[in-house]
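Student: At position 366 of the sequence shown (counting the first as 1) the number is 357 in the numbering used here, and the numbers step up by one without a gap. All C-beta atoms, glycine included, are put in the ideal place defined by N, C-alpha and C.
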Amino acid sequence: MSFPKNFLWGGATAANQCEGAWNEDGKGDSICDHNRAGSRTANTHRTFDLEIDTDQYYYPSHTGIDSYHRYKEDIALFAEMGFKVYRMSIAWSRIFPNGDEETPNEAGLQFYDEVFDELAKYGIEPLVTISHFELPFHLGKTYDGFLDKRTISFYENYATTLFERYKDKVKYWLTFNEINFGTMDHGKRINGLFNREYTETEQYQALHNVFLASAKAVVAGHKINPDFKIGCMLAYITMYPKTCRPEDVLKTQQINEKFNFFCGDVQVKGQYPYFMKRYFEKNNIQVEITEEDKALLKAGTVDYYTFSYYMTTCITDDLEKRNDKTGGNLFGGVSNEYLETSDWGWQIDPIGLRYTLNQIYSRYEVPLMVVENGLGAFDEVEANGSINDDYRIDYFKQHIIEMEKAIDDGVDLIGYTPWGCIDLISAGTGEMSKRYGFIYVDRDDEGNGTLDRSRKKSFYWYKQVIESNGENL
Ligand code: BG6
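1) Any chance the stretch 152 to 163 sits against the stretch 48 to 59, with 3 or more Cβ pairs inside 8 angstroms?
2) Give a yes or no on contact between the stretch 390 to 401 and the stretch 343 to 351, applying the rule of three or more CB pairs nearer than 8 angstroms.
3) Does the beta-carbon distance from F253 to P264 come in below 8 angstroms?
4) With 16 other CB atoms within 10 Å as the buried threshold, where does S(-7) fall?
5) Return the residue from the list N463, H129, G255 that minimises the CA-CA distance to R354.
6) List the residues that DSSP assigns as beta-bridge partners of I430.
7) Could you check how far apart the C-beta atoms of K447 and I378 are, in whole angstroms? I think they sit under 8 angstroms.
8) For G17, I'd like the list of residues in its chain whose CB is within less than 7 angstroms of its CB, leaving aside the five on either flank, ordered along the chain.
9) Okay, do the stretch 291 to 310 and the stretch 209 to 218 touch, 3+ Cβ pairs below 8 angstroms being the bar?
10) Determine the closest residue to K425 out of G29, G19, Q47, Q245, with distance taken between C-alpha atoms.
11) Hey, how far is the Cα of I66 from the Cα of V106?
12) For V361, write down the residues that DSSP places opposite it in a beta bridge.
13) Alpha carbon to alpha carbon, how far is V361 from S299? Give it in angstroms, no decimals.
14) Taking C-beta to C-beta, are Y231 and T303 nearer than 8 angstroms?
15) Is there at least one Cβ from chain D nearer than 8 angstroms to H60's Cβ?
16) Please classify K316: does DSSP put it in a helix, a strand, or coil?
17) Considering only their Cβ atoms, is the gap separating K233 from V325 smaller than 8 angstroms?
18) Among the residues of its own chain, which have a CB less than 8 angstroms from the CB of I280, if the five just before and after it don't count?
19) Should Q8 be listed as close to the ligand BG6, given that the test is whether its C-beta is under 7 angstroms from any heavy atom?
20) For A286, report the span of its alpha helix (DSSP H) as first-last.
21) Could you give the uninterrupted runs of the alpha helix (DSSP H) lying entirely in the stretch 86 to 112, keeping only those of 4 residues or more?
22) According to DSSP, is S(-7) part of a helix, a strand, or is it coil?
23) Using the C-alpha atoms, what's the distance from E92 back to E340?
24) Put A5 into one of helix, strand or coil per three-state DSSP.
25) Can you tell which of I416, N460, E462 has the C-alpha that lies nearest to the C-alpha of Y50?
26) Return the chain-ordered list of same chain residues with a C-beta closer than 8 angstroms to the C-beta of H213, the five sequence neighbours on each side being excluded.
27) Can you tell me which of the three DSSP states M394 falls into?
28) With distances taken Cα to Cα, identify the nearest neighbour of S449 among L442, D435, P409, R434.
29) If you draw a straight line from the C-alpha of L(-1) to the C-alpha of I391, how long is it?
30) Can you list, in chain order, the residues of its chain with a C-beta nearer than 6 angstroms to that of H129? Leave out the 5 residues immediately preceding and following it.
31) First and last residue of the beta strand (DSSP E) that includes T166?
32) Scan the stretch 5 to 82 and note each continuous beta strand (DSSP E) run of 3 residues or more that stays entirely inside, going in chain order.
33) Start and end of the beta strand (DSSP E) containing K220?
34) For V257, count neighbouring C-beta atoms within 10 Å of its own C-beta (all shown protein chains included) and say buried if the count is 16 or more, exposed if not.
35) Using the three-state DSSP reduction, which class does C254 fall into: helix, strand or coil?
36) Assuming the contact rule is C-beta atoms closer than 8 angstroms, S80 and T120 should be a hit. Round their C-beta distance to whole Å, please.
Written as structure tokens, this is what we have:
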């Protein structure tokens, strides 16, 4: 079996990693605008500053790759590759600069009108992430983000504003990017928890409020346009037991349930799974979940399930003591000797994608979309300007082959949007040198470069993949 005729081939980005123009046309600062870059080569981590100090420091999101001013050129390149869909996010603080205003910033709304019109010119369907780690900073500072119930209403107002405005231009929506990072201590900032230390109860309460906000958006969106397709989005990190020791297998099941299954269960099935209820009880985590909340979660289930897939990892029952931990975006298990890793230590596992698609589909049986996948790598520009990224082509080829096999297994996979289809700022490190794109952007980790775009070898290759609907790899 091959890819369905109307398969949605495309690419994905997020506003904070490419737009720049961080304080133009009325935009407020988002939490991402407070990140200074780290560096893998210098072994430094990203830094989060409560006060932005542009005199002294470089903040990569402030300029991004300047797509706020260059989106027409970028969209023309996506169209040249034949994109059917383009996944992008709306910068919340462009629409509501502080997050708690009642009326939106017209200039922000206008900007996205123009972006959607440009996409429509080429027949490219937008797929819009409403919140991609881009909480307005003010909401975190003043309300502790989603820990405060008022933030649910702010989000609802924001989402409803988008639905009303773009109801005839956008059909596919995602409520929150990688919502399951909210289950992890180091993922708490994305929910606006950065003013102090927070208890586990508070972190899960904030996540619960994010679930409610998502459900409210789904309900409101379907009322505004019943044709809307509103989905969830998870960071799916597939886990294998490191050995067949039953202890490792059991540990894998437990970690997998909490990280990979929990949030999907709430958003697709509309209820908390039994294992999380027990986890809360056993650990004295007291999340307030009312009867009204339960009804809302049931009413606000999503239409389809999307996820990012970059790697798999291995789990053991002595994870804490191990020194063979793998690299990963906020999550690290232990290494798998059968897999190779990327320049950033992420384990590359194409067959794992087929396994993952089947794992998710057998649990939910709703349409699936892989909305992030790709290889972050150092690229070299040759003297003649060409970029021969055969390693990236090979990565995609192997993953596409496995997606096709999953479709043949019976999985209802409707689209594929490789991450960072144009080079952009890394979310994990703030680096520019961690490149994912089919399109090269002349910019380095310190902010030097012309920002000019050029086509990599993978650009021509992906074009032929789309043209042949996945046949010509
Ligand atoms: C996902 C995010 O976690 O992974 C993206 O949704 C991110 O925003 C991507 O860019 C890749 O991670 P990184 O750290 O390589 O940018």
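Tutor: The structure says:
1) no
2) Segments in contact, yes.
3) For this step, residue 253 is matched to residue 262 along the sequence shown. For this step, residue 264 is matched to residue 273 along the sequence shown. Their beta carbons are under 8 angstroms apart, which means F253 touches P264 by this criterion.
4) For the purposes of this step, residue -7 is taken as the residue at position 2 of the sequence shown. Burial call: exposed.
5) Taking the sequence shown and counting its residues from 1, the one referred to as residue 354 is at position 363. Here the closest residue by C-alpha is G255.
6) The sequence position of residue 430 within the sequence shown is 439, counting from 1. Bridge partners of I430: I413, R446.
7) Locating residue 447 in the sequence shown gives position 456, counting from the first residue. Locating residue 378 in the sequence shown gives position 387, counting from the first residue. With a Cβ gap of about 4 angstroms, K447 and I378 count as contacting.
8) What you label residue 17 is simply residue 26 of the sequence shown in a count that begins at 1. Cβ within range, chain order: P88, N96, A98, G99.
9) yes
10) Indexing the sequence shown from 1 puts residue 425 at position 434. Looking at the Cα atoms, G29 is the closest of the given residues.
11) Along the sequence shown, one-based indexing puts residue 66 at 75. Along the sequence shown, one-based indexing puts residue 106 at 115. Taking the CA atoms as reference points, I66 sits about 9 angstroms from V106.
12) Counting from 1 along the sequence shown, the entry for residue 361 is found at position 370. Answer by DSSP bridge pairing, in chain order: F298, Y407.
13) On the sequence shown, residue 299 is found 308 positions in, with the first residue counted as 1. On the sequence shown, residue 361 is found 370 positions in, with the first residue counted as 1. Between S299 and V361, the C-alpha separation is close to 6 angstroms.
14) Walking along the sequence shown from the start, residue 231 turns up at place 240. Walking along the sequence shown from the start, residue 303 turns up at place 312. Cβ distance < 8 angstroms, so Y231 and T303 count as in contact.
15) Judged by its chain identifiers, the structure shown contains no chain D, having just a single protein chain.
16) Translated into the one-based positions of the sequence shown, residue 316 becomes position 325. Three-state DSSP puts K316 in a strand.
17) As a working note, residue 325 is residue 334 in the sequence shown. As a working note, residue 233 is residue 242 in the sequence shown. Result yes, Cβ atoms of V325 and K233 sit closer than 8 angstroms.
18) Taking the sequence shown and counting its residues from 1, one reaches residue 280 at position 289. Same-chain partners within the cutoff: H199, Y263.
19) The residue you call residue 8 lines up with position 17 of the sequence shown. Indeed, a heavy atom of the ligand BG6 lies less than 7 angstroms from the Cβ.
20) If you number the sequence shown from 1, residue 286 lands on position 295. From DSSP, the alpha helix (DSSP H) with A286 extends over 282 to 290.
21) 97 to 112
22) For the purposes of this step, residue -7 is taken as the residue at position 2 of the sequence shown. S(-7): coil per DSSP, three-state reduction.
23) In the sequence shown, the residue the question calls residue 340 occupies position 349. In the sequence shown, the residue the question calls residue 92 occupies position 101. Reading off the sequence, residue 340 comes out as Asp, not Glu. Their backbone Cα atoms lie some 45 angstroms apart in a straight line.
24) Residue 5 sits at position 14 when you count from the first residue of the sequence shown. The answer is coil: DSSP assigns A5 none of H, G, I, E or B.
25) Position 59 of the sequence shown, counted from the start, is the residue given in the question as residue 50. Residue I416 is the option with its Cα nearest to Y50.
26) Residue numbering aside, residue 213 sits at position 222 when the sequence shown is read from its first letter. Around H213: F219, I221.
27) Here residue 394 corresponds to residue number 403 of the sequence shown, with the count starting at 1. DSSP, reduced to helix, strand and coil, places M394 within a helical segment of the structure shown.
28) Locating residue 449 in the sequence shown gives position 458, where the first residue counts as 1. Ranking L442, D435, P409, R434 by CA distance to the CA of S449 puts P409 first.
29) For this step, residue -1 is matched to residue 8 along the sequence shown. For this step, residue 391 is matched to residue 400 along the sequence shown. Between L(-1) and I391, the C-alpha separation is close to 13 angstroms.
30) By 1-based counting over the sequence shown, the position of residue 129 is 138. So the qualifying residues of the chain are N89, G90.
31) Here residue 166 refers to the residue found at position 175 when the sequence shown is read from its first residue. Element bounds for T166: 163 to 167.
32) Fully enclosed beta strand (DSSP E) runs of no fewer than 3 residues occupy 76 to 80 of the stretch 5 to 82, in order along the chain.
33) The sequence position of residue 220 within the sequence shown is 229, counting from 1. Looking at the DSSP string, the run of the beta strand (DSSP E) that includes K220 is 220 to 226.
34) As a first step, residue 257 is located in the sequence shown; it is residue number 266 there, counting from the start. Per the 10 Å Cβ criterion, buried.
35) In the sequence shown, counting from the first residue as 1, residue 254 sits at position 263. In the structure shown, C254 sits in a helix (DSSP, three-state: H, G or I).
36) The residue labelled residue 80 in the question sits at position 89 within the sequence shown. The residue labelled residue 120 in the question sits at position 129 within the sequence shown. Indeed, because the Cβ distance is near 4 angstroms, the residues count as touching under 8 angstroms.
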